[in-house]
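Worksheet: the structure to be examined is printed underneath.
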Amino acid sequence: MAKMVPDVVICGFVITALLVIHFFSDILRLSLGGYYTHATLSQLVESHSNKEYSWLLKLLANCFGYSCVFVPGYLIYKYVGSTKYLERSEKTCIYTAVSMCITGTPGTELDYSESMERKPMEPLPTTNGAKTRTKSQETLLLGWCFGGLMISYLTWGVLQEKIMTQQYFNSDGQPSHFKDSQFLVFCNRLSAFTCAMVTLRIKRPAGRHCTPLYKYSFASFSNIMSAWFQYEALKFVSFPTQVLAKACKIIPVMLMGKIISKNKYDWYEYVSAILISLGMIFFMTGSASGTKASSVTTFTGIFLLTMYLTCDSFTANWQDDLFKNYEMSSLQMMAGVNLFSTIFTATSLWVQGGFMDSLAFASEHPKFIIDALTISMCSAVGQLFIFYTISVFGAVVFTIIMTLRQAFAILLSCLIYKHKISVLGIFGILVVFFAVFMRSYGKQRMKAIRKRAEAHKPKMAA
Numbered sequence: 001m002a003k004m005v006p007d008v009v010i011c012g013f014v015i016t017a018l019l020v021i022h023f024f025s026d027i028l029r030l031s032l033g034g035y036y037t038h039a040t041l042s043q044l045v046e047s048h049s050n051k052e053y054s055w056l057l058k059l060l061a062n063c064f065g066y067s068c069v070f071v072p073g074y075l076i077y078k079y080v081g082s083t084k085y086l087e088r089s090e091k092t093c094i095y096t097a098v099s100m101c102i103t104g105t106p107g108t109e110l111d112y113s114e115s116m117e118r119k120p121m122e123p124l125p126t127t128n129g130a131k132t133r134t135k136s137q138e139t140l141l142l143g144w145c146f147g148g149l150m151i152s153y154l155t156w157g158v159l160q161e162k163i164m165t166q167q168y169f170n171s172d173g174q175p176s177h178f179k180d181s182q183f184l185v186f187c188n189r190l191s192a193f194t195c196a197m198v199t200l201r202i203k204r205p206a207g208r209h210c211t212p213l214y215k216y217s218f219a220s221f222s223n224i225m226s227a228w229f230q231y232e233a234l235k236f237v238s239f240p241t242q243v244l245a246k247a248c249k250i251i252p253v254m255l256m257g258k259i260i261s262k263n264k265y266d267w268y269e270y271v272s273a274i275l276i277s278l279g280m281i282f283f284m285t286g287s288a289s290g291t292k293a294s295s296v297t298t299f300t301g302i303f304l305l306t307m308y309l310t311c312d313s314f315t316a317n318w319q320d321d322l323f324k325n326y327e328m329s330s331l332q333m334m335a336g337v338n339l340f341s342t343i344f345t346a347t348s349l350w351v352q353g354g355f356m357d358s359l360a361f362a363s364e365h366p367k368f369i370i371d372a373l374t375i376s377m378c379s380a381v382g383q384l385f386i387f388y389t390i391s392v393f394g395a396v397v398f399t400i401i402m403t404l405r406q407a408f409a410i411l412l413s414c415l416i417y418k419h420k421i422s423v424l425g426i427f428g429i430l431v432v433f434f435a436v437f438m439r440s441y442g443k444q445r446m447k448a449i450r451k452r453a454e455a456h457k458p459k460m461a462a
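Using the UniProt record's numbering, read the sequence shown as starting at 1 and increasing by one per residue.
Structure, rendered in structure tokens:
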């Protein structure tokens, strides 16, 4: 019986944290006058605040829900380290779960004298599948990847703007907007996790997974925050503005790379970053002249986009760091990150009462169900196409395809939702896409130059 005490303590951490956080959420709900209503915590916060700044209070409410994962997780991590739980306890299901989260394996004793990071395993031998394909097969495969990425993400972009900006009509013909962007994030991440796990079951990776699961939680948190900021930004800026802002992701990625990984960049990367910034200034100036949005709304939209880019850049750099330190496949990364994203958003929705409200909205608006399912499947399938395209054709071909996709996304959005862009705005778009192409070309050229230099080193030494 005594051997079960650590497992009981761990379960106690989880249950106590959930009850305490739910208790405080009820107090907050009561203080906002919504205890006896069916409104979610986010809706109550929005109704008691200025529309321009309600997103900030909703963000705090979301983070309050995420603490249901962070607080017990931190307590369990400290408890396991101080009691040497993994060395002394019996191998129960709780032991296996804790071991997977902290060490990456289902039954490994933790060495407390050393860092928990493992050295990367030897790289697996690459296959020569690409060399055996004929030219026509290569063209068909490229067309398949191009079509898959285009269809997945163009559909995703159009429906994303529709869900967050357009009205849905119920059976009585009454219009209403869907407001809980966190529910969409949950649907997308659950779909992506399911898709990744099914694919992993069908096509098992050669190497054994050895990454501590808690490492994924940091990338997962920044990932769901970037997705939330992205959806909220659509309430304040147009979709073309958001697409162009994504091209600016290079700038915060470089900054995060400098801070996190101490990366060094070539001159063409700095030039492309400057051109992208100038292109965005031209686009925003040209678009602003034809809109009636207030300066507060414009500032809020730009701030939300900036936060989206910052979180997304952190995600990319953290994942890159995981790839360098641990042996894992892209599908394992996809599954790990989306697992925690699903847990984070599910607990936050549970605390706020967002599940029932979103499901009630879906039951009254059948078209929303179709749109939500479609956008979730497009997001999941699109991620699979991303990993496959990069593995077969490389990052440069993938970047070119996604750049073309962004151009088509802007065109589709302008045609469907009647966005107006001035000549200066169009010029800004061209400058941004030119900078992205220049960056891709420069990267490829520099790789080729370095390869030739490495190849000549032995000869020079001889």
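Every residue, glycine too, gets a C-beta built ideally from N, C-alpha and C.
Reduced DSSP category for Ser363 - H, G, I as helix; E, B as strand; rest coil: Secondary structure at Ser363: helix, using DSSP grouped into helix, strand and coil.
8 Å CB neighbourhood of Met460 in its chain, flanking five on each side removed: Low local confidence applies: a pLDDT of 47 at Met460 is under 50, so the model's placement there is unreliable, with the coordinate-based value given in what follows. Closer than 8 Å at Cβ, skipping near neighbours: no residue.
Beta-carbon spacing of Thr342, Leu184 below 8 Å: No, the Cβ-Cβ distance between Thr342 and Leu184 is not below 8 Å.
Alpha-carbon to alpha-carbon, Ile102 and Ser115: With a pLDDT of only 42 at Ser115, under 50, the local geometry of the prediction cannot be trusted, and the value read off the model is given with reservation. Rounded to the nearest angstrom, the gap between the Cα atoms of Ser115 and Ile102 is 12 Å.
The segment 201-220 / the segment 336-351 touching (three or more Cβ pairs under 8 Å): Taking a contact to require three or more Cβ pairs closer than 8 Å, the segment 201-220 and the segment 336-351 qualify as touching.
Phe323 to Leu359 span [Cα, whole Å]: CA-CA distance, Phe323 to Leu359, rounds to 37 Å.
Same chain, Cβ closer than 6 Å to Met328, five either side skipped, listed in chain order: Correct list, in chain order: Thr211.
DSSP beta-bridge partners of Phe218: In DSSP, Phe218 forms no bridge with anything.
Tyr168 (DSSP reduced to helix, strand or coil): In this structure, Tyr168 counts as strand in the three-state DSSP scheme.
Distance CB(Cys68)-CB(Leu19) smaller than 8 Å: No. Outside cutoff.
Expected contact under 8 Å - CB spacing of Val275 and Val431 to nearest Å: According to the sequence displayed, residue 275 carries Leu and not Val. Confirmed, Cβ separation roughly 6 Å.
Of the listed residues Leu404, Gln242, Trp350 and Val337, nearest to Thr300 (C-alpha basis): Nearest of Leu404, Gln242, Trp350 and Val337 to Thr300, Cα basis: Gln242.
CB of Asp180 within 8 Å of CB of Gly354, strictly: Yes, they are a contact pair.
Buried versus exposed call for Arg405 [16 or more other C-beta atoms within 10 Å across all chains shown]: Sixteen is the threshold: when 16 or more other Cβ atoms of the shown chains lie within 10 Å of the Cβ of Arg405, as they do, the residue is buried.
Cβ neighbours of Lys162 in the same chain (closer than 7 Å, five flanking residues each side left out): Once the five neighbours on either side are set aside, the close Cβ partners of Lys162 are Asp371.
First through last residue of the alpha helix (DSSP H) which encompasses Tyr79: Taken as a continuous stretch (DSSP letters only), the alpha helix (DSSP H) holding Tyr79 covers Ser54 to Thr83.
Boundaries (first-last residue) of the alpha helix (DSSP H) holding Ser99: Boundaries of the alpha helix (DSSP H) around Ser99: Cys93 to Ile102.
Own chain partners of Leu412 with C-beta closer than 7 Å, once the 5 adjacent residues on each side are dropped: Contacts found: Leu154 and Val158.
Classification of Pro106 by the beta-carbon crowding that lies within 10 angstroms, buried from 16 upward: Pro106 comes out exposed.
Given Thr315 as reference, the closest of Phe387, Phe427, Pro252 and Ile375 once Cα atoms are compared: When only C-alpha atoms are compared, the closest one is Pro252.
Residues bridged to Pro252 (per DSSP): In DSSP, Pro252 forms no bridge with anything.
Whether Ile401 touches Phe146 by CB criterion (8 Å): Yes, Cβ-Cβ distance for Ile401 and Phe146 is below 8 Å.
Distance between Val45 and Ser82 (C-alpha atoms, nearest Å): Approximately 40 Å, taken between the alpha carbons.
Cutoff 7 Å; reference Lys119; Cβ partners in own chain excluding five residues on either side: Because Lys119 carries a pLDDT of 42, less than 50, the predicted location of this residue cannot be relied on, and no value is offered for it.
Per DSSP, the bridge partner or partners of Pro175: DSSP links Pro175 through a beta bridge to Phe169.
Bounding residues of the alpha helix (DSSP H) (the contiguous stretch that carries Asp195): Sequence inspection shows Cys at residue 195; the Asp mentioned does not correspond to that position. Ser181 to Ile202 is the span of the alpha helix (DSSP H), which, as asked, contains Cys195.
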